[in-house]
Amino acid sequence: MEAENIARNKHPEKTVEQILSISYRLFLKKGYEQTTIQDIINELGMSKGAIYHHFKSKEEILEAIGDKEFEDRNVFSKIKEAENLNGLQKLKRIFCNELESIEKQQFDTIASSLSDNPKFVSMILNGTMKRGVPLFQELIEEGKKDGSIHVEDSRSASEVILLLINVWINPMIIGNSGDDLKRKVLYFKHLTDQIGVPFIDEEVLAILHRYLNSISK
């Protein structure tokens, strides 16, 4: 136990990486609800204390997995530097890349089993707003400068767009399906057009529908 504590203190980032990697593999294989902390402990060969030193719950582990997946994809920094795209085109490209990411779809499918857990839903939404709003706002500001986006309050626009897609349209939060989902998606396009951030075209609509269908299964 002493050796384990020393290793944990010397290389906490490696311990966290191991916990996240093993947990994610188990969540995909067995399902989130079916995977217990004891399953994770058994796979890692660590004590319960080693895990709880870094994470207070299984929900926190899943939230950290989502953060890591977002950072690993790192599409924002690549697309942001694209000189051949204006702000609106960059916003569209990032939105589409996120929705088409297999890793994001896998994570969101796992997270869907926790849609009735208010604490977890709150954690995910807070994380999305914390990470996503500054990124969207930066690109909206760029679009305002190059003339491709026309909106006064870039922060509020970013917040509204992310809240609509992550709450109002999200079938994991609100049980949408069939015609009701199509109605909301089309109105989402109408709203973004009206506020001056018209990044949703036919290509985005098709990708958005595929993403929503993938996480609704």
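So in this note's numbering, spot 150 of the sequence shown is number 1540, and the numbers just go up one at a time.
The beta-carbon is built from N, C-alpha and C at its ideal position, and this holds for glycine as well.
Please go through the same chain and pick out, in chain order, the residues whose beta-carbon is closer than 6 Å to the beta-carbon of V1497, but skip the five residues on each side of it. Strictly speaking, residue 1497 in this sequence is Phe, with Val absent from that position. G1456 and E1459, listed in sequence order.
Using a Cβ-Cβ cut-off of 6 Å (strictly less than) and excluding sequence neighbours within five positions of E1471, which residues of its own chain qualify? none
Could you have a look at K1446 and say whether DSSP puts it in helix, strand or coil? coil
Might you give, ordered along the chain, the residues of its own chain that have their beta carbon closer than 8 Å to the beta carbon of K1572, omitting 5 neighbours on each side? Only H1599 meet the Cβ criterion.
For A1472, which three-state DSSP category applies? coil
Who are the Cβ neighbours of G1533 in its own chain at under 6 Å, not counting the five residues just before and after it? G1477, L1478 and I1539
Quick one: Cα of M1519 to Cα of L1581, how far? Their backbone Cα atoms lie some 19 Å apart in a straight line.
Thinking C-alpha only, which one of D1506, V1557 and R1483 is nearest P1588? R1483
According to DSSP, is F1417 helix, strand or coil? helix
Determine the burial state of T1425: buried for a count of at least 16 other Cβ atoms within 10 Å of its Cβ, exposed for fewer. buried
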